[in-house]
Amino acid sequence: MRVIFLDLDGVICLLPTSGSPDAFDYGCVGQLNRILNEYPDVKLVISSAWRLLWPPLRLRDHFEQYGIDPLRIVGHTPHIPDIDSVRGDEIAKWLAEHPVDDFVILDDDGDMGPLLPKLFRTKFRTGLTAQIADDIIGYF
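Residue numbers (the working numbering): -9 to 130.
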């Protein structure tokens, strides 16, 4: 299995959202769907803080509303409340419990620790662009 660890704000949401699913950007979602269409075996793991705000079934409904197949979502990273923890720690913990063949991280932050080489970093104002989607398609 191949996985994309998906942050939402700054990746497929471009507005300050406070976790509002109405902020999904259709252009960015289109780029994500382009990657998913190219690789039907790729799954999504939600690494965004949204996983702490929304019940999984409700979040899946919002993904479906924006054209993302909710069956592609196979989980979310665990929350590590340690003040020194970074998102990369949460991803590493998920990986330790769920072996995968390969993965990438889609995020607008660089707090990935040793997983930084797997990061395809977006910018908060532009999100997932065609170039970044092309880079991920080329990577997989």
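Note that beta-carbon positions come from the ideal geometry of N, C-alpha and C, so glycine has one too.
Thinking C-alpha only, which one of the options is nearest residue i?
{"i": "M102", "options": "A82, Q121, I70 and V90", "result": "A82"}
{"i": "F130", "options": "P60, V90, L(-2) and L43", "result": "V90"}
{"i": "I2", "options": "F53, D72 and L85", "result": "F53"}
{"i": "G57", "options": "I122, D15 and F(-5)", "result": "D15"}
{"i": "D149", "options": "L109, R41 and P45", "result": "Here the chain covers residues -9 to 130 and nothing more, so residue 149 does not appear."}
Which stretch, first to last residue, makes up the beta strand (DSSP E) that contains residue i?
{"i": "G65", "result": "I63 to H66"}
{"i": "K33", "result": "V32 to I36"}
{"i": "F14", "result": "Element bounds for F14: n/a, residue is neither H nor E."}
{"i": "L96", "result": "D92 to D97"}
Please report how far the alpha carbon of residue i lies from the alpha carbon of residue j, in whole angstroms.
{"i": "P68", "j": "T119", "result": "27 Å"}
{"i": "Q21", "j": "V35", "result": "17 Å"}
{"i": "D74", "j": "P104", "result": "15 Å"}
{"i": "R115", "j": "C18", "result": "11 Å"}
{"i": "I122", "j": "S37", "result": "18 Å"}
In this structure, what does DSSP give as the bridge partners for residue i?
{"i": "D(-1)", "result": "C3"}
{"i": "K113", "result": "G117"}
{"i": "V(-7)", "result": "K33 and F93"}
Where does the unbroken alpha helix (DSSP H) through residue i begin, and where does it stop?
{"i": "F53", "result": "P46 to Q55"}
{"i": "K83", "result": "R77 to E87"}
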